[in-house]
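Residue numbers (UniProt numbering): 1 to 542.
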């Protein structure tokens with residue numbers, strides 16, 4: 001397979017040379033139009049985060065610290081690993097290593113406006129140019145790509161969505177008026193799904209639909225492969241005044257929008273010229289370059305999507321409970337331990353099991369590391385430090401040991417949507433899109449520690465932000481507290497009680513007791529055996 005993939009590099013380079021102008025480099029990001037796995041296909045690297053750059057002489061792959069080991073194992077000798085945070089970012093590498101006036105190719109459907117503008121700024125110092133390709137060169141060499149069967153769109157019931165689509169569109173239009181905009185282009189799949197209260201199965205493990213949306217002051221458009229639209233969905237969209245258009249027409253409709261001539265078949269003549277001379281709202285962090293390029297710069301209002309924050313603030317608390325670990329115990333003898341399920345796949349001895357489940361009333365994201373043998377003292381101390389991070393929301397336990405991890409600590413989580421959701425996050429990486437935590441937001445807490453070639457640990461709970469019931473209210477601004485809504489026991493044999501204070505031991509025992517109380521009503525008698533044993537109190541150090 002590696003040899004065949006290396007031949008693909010030669011084929012890609014031949015196509016690069018045949019372009020007009022000939023390309024000096026090709027950028028293949030993870031951010032495909034809808035996560036179509038082109039970067040994985042061309043490089044062999046299967047991690048969720050990464051970017052490939054192919055020049056006429058080199059092939060490079062950028063990824064973050066979670067995947068350094070995995071990338072070294074999956075990339076062939078013809079690829080060079082570029083470590084984010086250690087090596088220069090891709091746009092700086094291009095500017096420093098390629099010739100003046102070099103031509104860099106990109107699929108404009110696969111790069112955001114923000115990313116494209118960052119590239120263009122870096123490349124300008126050597127008069128290098130970012131070229132929008134009309135075809136994707138990876139697609140041209142992907143001969144045996146499996147066909148994609150249309151999967152139906154489904155209506156997400158309002159009892160789970162929290163608000164009707166008409167309420168959401170009304171609120172969105174009020175925000176358009178407030179910002180003196182008369183239309184918004186929505187490209188993030190989870191935002192389209194949230195706004196229209198629809199779900200699908202076009203992306204593995206995320207119940208979203210390959211689609212776009214445009215909302216004006218009077219009309220709403222939904223761009224989707226119409227083969228996915230059932231009679232129920234057709235009726236639902238018509239009842240809510242939403243015009244269903246073929247997926248491929250979004251680009252031409254954006255051009256009509258820009259000229260003030262976008263017409264709705266639902267509202268007839270009402271929308272003609274309604275946006276002429278007015279602002280069109282885009283979120284430059286998610287809007288693709290292909291659609292942005294159809295707008296004149298003076299028409300564009302560039303702000304964070306007005307959907308991001310309402311989507312992040314949940315309407316009700318949800319939690320998931322699972323008899324998951326009893327299944328693991330029963331399956332271990334059947335070979336489950338041979339499957340690397342951590343994001344970094346670092347060990348045969350310690351394995352992380354990530355339970356990401358989608359339910360109509362919420363999404364879960366839970367990780368536990370389990371040991372099937374006798375853990376070493378070092379493994380126990382690392383696990384215990386990670387557990388304390390989840391318990392008390394601070395990194396000091398790892399830092400005291402001189403340890404740390406290269407990924408963020410937490411992210412937002414959708415409600416029957418993407419398991420990774422913004423705009424909020426807990427991370428050492430600065431981002432202009434980060435926002436303060438608010439009550440009713442959900443966020444993960446997922447510390448870890450990884451030793452290349454030895455073992456790795458990841459523990460993850462979902463938390464909900466709530467107003468703190470504090471005695472005082474300094475500054476009269478209100479205070480927030482975290483509440484755990486994940487109930488999965490920690491593995492007792494990995495806990496080094498010598499490293500715990502009595503208060504910390506009491507916290508673990510209380511958490512385990514709550515796990516048992518909450519889980520047992522959902523389990524049969526056979527399933528109850530494992531959590532009862534797993535939640536037995538740990539002894540106070542003597």
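From the three backbone atoms N, C-alpha and C, an ideal C-beta is built for every residue, glycine too.
Same chain, Cβ closer than 8 angstroms to residue i, five either side skipped, listed in chain order
{"i": "residue 6", "result": "76, 78"}
{"i": "residue 256", "result": "262, 263"}
{"i": "residue 525", "result": "none"}
{"i": "residue 15", "result": "137, 140, 141"}
Cα-Cα separation, residue i to residue j
{"i": "residue 410", "j": "residue 312", "result": "14 angstroms"}
{"i": "residue 414", "j": "residue 475", "result": "32 angstroms"}
{"i": "residue 298", "j": "residue 240", "result": "32 angstroms"}
{"i": "residue 295", "j": "residue 203", "result": "29 angstroms"}
{"i": "residue 13", "j": "residue 388", "result": "50 angstroms"}
{"i": "residue 63", "j": "residue 259", "result": "40 angstroms"}
{"i": "residue 338", "j": "residue 372", "result": "The predicted model places residue 338 with a pLDDT of 38, which falls under 50 and marks its position as unreliable, so this point remains unresolved."}
{"i": "residue 283", "j": "residue 98", "result": "31 angstroms"}
{"i": "residue 531", "j": "residue 502", "result": "23 angstroms"}
{"i": "residue 349", "j": "residue 300", "result": "Low confidence applies to residue 349: its pLDDT is 44, below 50, so where it sits in the model is not reliable, and the reading given next is rough at best. Taking the straight line from one Cα to the other gives about 54 angstroms."}
{"i": "residue 318", "j": "residue 131", "result": "Reliability fails at residue 318, whose pLDDT of 36 lies under 50, so the model's placement of it is uncertain and no value is given."}
{"i": "residue 323", "j": "residue 206", "result": "Because the pLDDT of residue 323 is 40, which lies under 50, any placement of that residue in the model is unreliable, and the question is left without a value."}
{"i": "residue 424", "j": "residue 438", "result": "9 angstroms"}
{"i": "residue 468", "j": "residue 440", "result": "12 angstroms"}
{"i": "residue 29", "j": "residue 262", "result": "32 angstroms"}
{"i": "residue 420", "j": "residue 210", "result": "17 angstroms"}
{"i": "residue 49", "j": "residue 69", "result": "13 angstroms"}
{"i": "residue 230", "j": "residue 159", "result": "21 angstroms"}
{"i": "residue 465", "j": "residue 176", "result": "28 angstroms"}
{"i": "residue 252", "j": "residue 134", "result": "15 angstroms"}
{"i": "residue 522", "j": "residue 168", "result": "34 angstroms"}
{"i": "residue 340", "j": "residue 55", "result": "Note on residue 340: pLDDT 41, under 50, position unreliable in the model; the coordinate value appears next. Cα to Cα, residue 340 sits roughly 32 angstroms from residue 55."}
{"i": "residue 490", "j": "residue 85", "result": "32 angstroms"}
{"i": "residue 402", "j": "residue 378", "result": "13 angstroms"}
{"i": "residue 505", "j": "residue 375", "result": "20 angstroms"}
{"i": "residue 181", "j": "residue 170", "result": "14 angstroms"}
{"i": "residue 288", "j": "residue 111", "result": "6 angstroms"}
{"i": "residue 117", "j": "residue 24", "result": "19 angstroms"}
{"i": "residue 613", "j": "residue 148", "result": "Only positions 1 to 542 of the chain appear in the structure, and residue 613 is not among them; the question remains open."}
Proximity below 7 angstroms, CB of residue i to CB of residue j
{"i": "residue 53", "j": "residue 90", "result": "yes"}
{"i": "residue 482", "j": "residue 463", "result": "yes"}
{"i": "residue 153", "j": "residue 228", "result": "yes"}
{"i": "residue 47", "j": "residue 67", "result": "yes"}
{"i": "residue 512", "j": "residue 486", "result": "no"}
{"i": "residue 408", "j": "residue 422", "result": "no"}
{"i": "residue 151", "j": "residue 201", "result": "yes"}
{"i": "residue 264", "j": "residue 293", "result": "no"}
{"i": "residue 366", "j": "residue 488", "result": "yes"}
{"i": "residue 142", "j": "residue 222", "result": "no"}
{"i": "residue 495", "j": "residue 384", "result": "yes"}
{"i": "residue 105", "j": "residue 26", "result": "yes"}
{"i": "residue 138", "j": "residue 245", "result": "no"}
{"i": "residue 484", "j": "residue 461", "result": "yes"}
{"i": "residue 161", "j": "residue 122", "result": "no"}
{"i": "residue 155", "j": "residue 212", "result": "no"}
{"i": "residue 386", "j": "residue 436", "result": "no"}
{"i": "residue 183", "j": "residue 280", "result": "yes"}
{"i": "residue 445", "j": "residue 518", "result": "no"}
{"i": "residue 100", "j": "residue 126", "result": "yes"}
{"i": "residue 224", "j": "residue 247", "result": "yes"}
Residues near residue i in its chain [Cβ-Cβ closer than 6 angstroms; skip 5 each side]
{"i": "residue 520", "result": "528"}
{"i": "residue 290", "result": "108, 109"}
{"i": "residue 59", "result": "9, 78, 79"}
{"i": "residue 418", "result": "190, 206"}
{"i": "residue 82", "result": "60, 62"}
{"i": "residue 470", "result": "479"}
Assumed close pair residue i, residue j - CB separation to whole angstroms, cut-off 8 angstroms
{"i": "residue 102", "j": "residue 128", "result": "5 angstroms"}
{"i": "residue 242", "j": "residue 214", "result": "Residue 242 to residue 214, Cβ: 10 angstroms. No contact."}
{"i": "residue 286", "j": "residue 305", "result": "7 angstroms"}
{"i": "residue 416", "j": "residue 163", "result": "Contact doesn't hold; Cβ gap of about 14 angstroms is too wide."}
{"i": "residue 381", "j": "residue 499", "result": "6 angstroms"}
{"i": "residue 238", "j": "residue 196", "result": "So it is not a contact: roughly 13 angstroms between Cβ atoms."}
{"i": "residue 179", "j": "residue 309", "result": "At roughly 14 angstroms, the Cβ-Cβ gap does not stay under 8 angstroms, so residue 179 and residue 309 are not in contact."}
Close Cβ partners of residue i (< 7 angstroms) along its chain, the five nearest in sequence each way excluded
{"i": "residue 11", "result": "141"}
{"i": "residue 194", "result": "307, 311, 417"}
{"i": "residue 478", "result": "467"}
{"i": "residue 72", "result": "81"}
Min CB distance residue i to chain B below 7 angstroms
{"i": "residue 305", "result": "The structure shown contains no chain B; it is built from a single protein chain."}
For this session: Let me know the beta strand (DSSP E) ranges lying completely inside the stretch 217 to 274, each 3 residues or longer, listed in chain order.
Result: As far as the stretch 217 to 274 is concerned, its whole beta strand (DSSP E) runs of at least 3 residues are 220 to 224, 242 to 246.
Exercise. Considering only residues of the UniProt domain "Peptidase M24 C-terminal" (478 to 538), which uninterrupted alpha helix (DSSP H) runs meet the minimum length of 4 residues and lie entirely inside it, listed in chain order?
Worked result: DSSP runs (the alpha helix (DSSP H)) wholly in the UniProt domain "Peptidase M24 C-terminal" (478 to 538): 502 to 519, 525 to 534.
For this session: At 4 residues or longer, and completely inside the stretch 143 to 169: list those alpha helix (DSSP H) runs for me, N to C.
Result: Listed in chain order, the complete alpha helix (DSSP H) runs (minimum 4 residues) inside the stretch 143 to 169 are 158 to 161.
For this session: Jot down the residue ranges of each uninterrupted alpha helix (DSSP H) in the stretch 41 to 65, minimum 4 residues, whole runs only, in chain order.
Result: DSSP runs (the alpha helix (DSSP H)) wholly in the stretch 41 to 65: none.
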